[in-house]
Every structure is written in C-alpha cells, then in structure tokens.
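Worksheet for the structure shown next.
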Amino acid sequence: MSQVKKSKSFLLMIGGSLISLIIIYTLSYYLLATREILVSHSYKQFLLQHTQGQRLIIDSGSNSFFGIDSNLLEKELNILTINLADNAGYPLKNKLLRIEKYSHQGDIIMLPLEWQFYSYDKIPDVFLNNLLGNLNYYHQKSPLQDIKQVWSTPFSIFITDLNHYRKSIKNNSSNLNEYHIKFNNKERGDFIQENFVLEFEKASKVTPCDEYVLGNALKNNFTLSIIFKENIKLIQQLQKKGLHIFFTWPVVVGDNCYSDKRVAELKRFVNLIKKTMKDNGLIIVGDPYENKFSQKFMLNSYYHINAKARTIHTKKLIKHIKKSVIHSWFNQNESSSYLLNI
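Everything in the sequence shown is counted per my numbering, starting at 33 for the first residue and increasing by one.
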C-alpha cells in the first residue's frame, strides 16, 4: 500500500513540476516580450520611437530599403523621412501595429508594398522565432498570442533571444552615441553601400522575374488574400486616429520582368488592387509599369535596384506625390524648419 502511495506522490510531484515549468516559462516569455527597450538595437526603431513632429514613414520589404532615397524625399517634401522597410516576409499587420504604437497624429505613412503583400497567407518562421530577439520591436502585447507563440518557439531560440535582450540593454549607451552620429549624417534607414557586402541572390539567377516578384499572386491566381483584406480594415482604423496613409507600387528590375506571358494577368491584378483601394477610401499613387527597370540597373535581385535607379525612381515618386491630393497632407513649412521639431 505504501508503495502505491509513493508512486502517486511521485506522479503528482512530476505533474506539479511540469505545470510549474510551463507557467514559469510562459510568464518569462511574456514579461520579456512586453518590456520595452528604450534605446533599441535597431536604428530604424530608434528613429520611429524618438523623433518628434510630423514624419513621412515608409514601410514595406527590402524593395523600399534599396529603392527609395529618403534624403531626397525629405528635402523635396520638407518633412522628416524614416525608412522602416526591412523584409517582405514580415506581416503587414505587425508593421502597421508597430507604426500605430509609435506614431504621431498627422504622420504620413507610405506603403510601397511588394506584390506578395497582397496575396500571401503564411507568416514565416524566421519572423515568429525572432520576436523576442532581433525583431522584438514587432511584438504586440497579447497574452493569447504570447502563449501560442511560446509553445511554437524552440527552447534554443528562446535562450538565444534572452542573450540578445541582455546585450541590447548592455549596449544602450553606445547605441545612443552611434545613433546621434547617424542621424546628424542624415541616415534615415535607407541602404548604404559601404555598410553592406552584397552577394547576388541565387534565386534571381535561376528563377524568372515574374515567378520571383509575383510568386504568391501567381500561386493564388491573382486574388487578394483574406489577410490583406483584414489589413485594410486595420489601415482604416489608423486613419481614424489621425494618420495619413497611402500606397504606391513596388520597383522591379530585369529585362524579363512583367513578361508578355503575364501581361493580361498582371493588368487584371493591378485593376483589382486599384478598385479595392477606391472602394475602401484608400489612395494609391504612381504607375506600376513605370517602376520597371532594365537589367543594367539591378543591384543583386529582381527587387533591388542600384543607386542610379533609386534616384530616378524617387524623383518620379516625388512628382506623383506633388500631383496627388495627398500633397496637401504635408505641412508647408519653411525649408528644413521640420528639423527644429526633432
């Protein structure tokens, strides 16, 4: 009889320990994820979090990181410009919620979304597994989301993210000094050649341009995903809070981009996007076909243009903005007076 009691006690102890471990692990994840880092390891996040006054905020994938000259926009439109663009695989919803959290009333949000944003339906593991680490500024305070995320994150990733968090706190002072220098040098989050060593993307060597840039749209027969339709509702909510939001088209580069084989399907997709924008009171400026560059302007992929093309594209974009109704959103201040608000 005593042996049975010992077995039951042992099982209860194991069960209790397991439950305690689950609770402690979940709470540790949640408390770490919701603790804001004042001076982020990300310079882009620092700009978003700690600049004042009206800003022009750009967000999409790396297409805009390589394809937009923020200094040119800042100078011509007389507004502090921040380029948050990073990876087209990261969810638009998280991008928008991040902007909402750190935005000011009157901020102008430009979304030059890659084609996949309109049709993708899966969040990549590389995003989910880094929400406590390199991408902690994307994390949103949602207990249910946290619990689901905790148990889909490998423990090794959690430990790596803990170390990253510790280093981020430790390096606050050095980061701040570095950011002041960058800001005074007018770095606004764009690609700077000397800071990167780029290799040509293998996918762009073996994959035709249409399949590369239109991947999910091709896969889903050029329809808008449910996720994108839900994001439109979120954008409308942000507009009600005083944010000005508009879309523009992505840049592509390569001689075989938007081929004759896909021209009819792409035209139908473009018209669908335009109609959806109009029906929901949203604005999209520019011409998608005008944003196509030949092979000689390629940097290292079908979505990444070189510096010369970036200047050409940004100047065209400025013209479209100045001709659009959205130009009235920009404060007509004296030249560079926006710098006084930073």
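For every residue, glycine included, the Cβ atom is placed at its ideal position computed from N, Cα and C.
Report yes if the C-beta distance between I141 and L349 is below 9 Å; otherwise report no.
-> For the purposes of this step, residue 141 is identified with residue 109 of the sequence shown, where counting begins at 1. For the purposes of this step, residue 349 is identified with residue 317 of the sequence shown, where counting begins at 1. In this structure, L349 does not lie closer than 9 Å to I141 by Cβ.
Under the three-state reduction of DSSP, which class applies to S356: helix, strand or coil?
-> Position 324 of the sequence shown, counted from the start, is the residue given in the question as residue 356. Three-state result, S356: coil.
Could you tell me whether the segment 157 to 167 touches the segment 298 to 309, where touching means 3 or more Cβ pairs closer than 8 Å?
-> Verdict: no, contact absent.
Roughly how far, in whole angstroms, is the beta-carbon of N126 from the beta-carbon of Y170, given that I think they are within contact range, below 8 Å?
-> Along the sequence shown, one-based indexing puts residue 126 at 94. Along the sequence shown, one-based indexing puts residue 170 at 138. Right, their Cβ atoms sit about 5 Å apart.
In angstroms, rounded to a whole number, what distance separates the CA positions of N110 and F362?
-> The sequence position of residue 110 within the sequence shown is 78, counting from 1. The sequence position of residue 362 within the sequence shown is 330, counting from 1. Roughly 8 Å between the two C-alpha positions.
Does DSSP put S135 in a helix, a strand or coil?
-> In the sequence shown, the residue the question calls residue 135 occupies position 103. Assignment of S135 by DSSP, reduced to helix, strand and coil, places it in the coil class.
Taking only the alpha-carbon atoms, compute the straight-line gap between S356 and V283 and give it to the nearest angstrom.
-> Your numbering for residue 356 matches position 324 in the sequence shown. Your numbering for residue 283 matches position 251 in the sequence shown. A direct Cα-to-Cα measurement between S356 and V283 gives close to 20 Å.
Which residues mark the beginning and the end of the beta strand (DSSP E) in which H73 is found?
-> What you label residue 73 is simply residue 41 of the sequence shown in a count that begins at 1. Following the DSSP letters along the chain, one finds H73 in no beta strand (DSSP E), marked with neither H nor E.
Exposure label - N323; buried when at least 16 CB within 10 Å = The residue labelled residue 323 in the question sits at position 291 within the sequence shown. When all chains shown are included, N323 counts as buried.
Could you check what DSSP says for R294 in three-state terms: helix, strand or coil?
-> In the sequence shown, the residue the question calls residue 294 occupies position 262. R294 falls in the coil class under three-state DSSP.
In angstroms with no decimal places, state the Cα-to-Cα distance between K154 and S41.
-> Within the sequence shown, numbered from 1, the residue matching residue 154 stands at position 122. Within the sequence shown, numbered from 1, the residue matching residue 41 stands at position 9. So the two alpha carbons sit approximately 45 Å from each other.
Cβ-based neighbour list, L176, same chain, cut-off 7 Å, excluding 5 preceding and 5 following = As a first step, residue 176 must be located in the sequence shown, where it is residue number 144. Per-residue confidence for L176 stands at a pLDDT of 49, beneath the threshold of 50, marking its modelled position as unreliable; the derived number appears in the next sentence. Apart from sequence neighbours up to five positions away, no residue of its chain approaches L176 with a beta-carbon distance below 7 Å.
Is it true that the segment 222 to 242 meets the segment 119 to 136, where meeting means three or more beta-carbon pairs spaced less than 8 Å apart?
-> The segment 222 to 242 is not in contact with the segment 119 to 136.
Residue nearest to S257 in terms of C-alpha spacing, selected from S360, T308 and L160 | For this step, residue 257 is matched to residue 225 along the sequence shown. Among S360, T308 and L160, the Cα nearest to that of S257 belongs to T308.
DSSP on L129, reduced to helix/strand/coil?
-> Numbered from 1 along the sequence shown, position 97 holds the residue referred to as residue 129. Looking at L129 - three-state DSSP - the assignment turns out to be helix.
Nearest to N253 (by Cα), restricted to the options Y152, H82 and K107 = For the purposes of this step, residue 253 is taken as residue 221 along the sequence shown, with counting starting at 1. Selection Y152, H82 and K107 evaluated against N253 yields Y152 as nearest (Cα-Cα).
Taking DSSP as the reference, what is the three-state secondary structure of I344?
-> For the purposes of this step, residue 344 is taken as residue 312 along the sequence shown, with counting starting at 1. It is helical.
Quick one: grab the DSSP three-state call for N209.
-> Within the sequence shown, the letter at position 177 stands for residue 209. Assignment of N209 by DSSP, reduced to helix, strand and coil, places it in the helix class.
Is it buried or exposed for E106, if we count other Cβ within 10 angstroms and need 16 for buried?
-> Your numbering for residue 106 matches position 74 in the sequence shown. It is buried - the Cβ of E106 has at least 16 other Cβ atoms within 10 Å.
Return the residue from the list H345, I305, N207 and D311 that minimises the CA-CA distance to H73.
-> By one-based count along the sequence shown, residue 73 stands at place 41. Answer by Cα proximity: N207.
Nearest to W147 by alpha carbon, out of T280, M330, N168 and P156?
-> Taking the first residue of the sequence shown as 1, we reach residue 147 at position 115. Proximity to W147 across T280, M330, N168 and P156 peaks at T280, based on C-alpha coordinates.
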